[in-house]
Amino acid sequence: MIEPQMICSSLLKGQLSDMWLYWSAGIGSAFSVSFFAHLWRKVPVKTENEFLFFRYSG
4 MIEPQMICSS LLKGQLSDMW LYWSAGIGSA FSVSFFAHLW RKVPVKTENE
54 FLFFRYSG
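Last residue of the sequence shown: number 61 in the numbering used here, and the count goes up by one each step with no gaps.
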């Protein structure tokens, strides 16, 4: 887990401009989860095995 060390080192160096990377990653993750959760409800599967057959049915 090197990410906490990178955050602490950038904060200790006084480089607050590096924090945009972590903020954008957090916002992007939240957006992608909400976007794909909306689409996931439309898929007629309940298990991973059903998903594999649905996805790779040919």
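A virtual CB, placed ideally from N, CA and C, is assigned to each residue, including glycine. Source: prediction; values computed, not measured.
Where does residue i fall in DSSP's three states?
i	result
Q8	helix
I44	Contrary to the premise, residue 44 reads as Arg rather than Ile in this sequence. DSSP places R44 in coil when its eight states are reduced to three.
Y59	coil
G29	helix
Pull up the distance between the alpha-carbon of residue i and that of residue j, whole angstroms please.
i	j	result
F39	E51	16 angstroms
A28	F57	30 angstroms
Q8	V46	40 angstroms
Q18	C11	10 angstroms
L55	I30	29 angstroms
What whole-angstrom Cβ distance do residue i and residue j have, given they're in contact under 8 angstroms?
i	j	result
M22	S32	Actually they do not touch by this definition, with Cβ atoms about 15 angstroms apart.
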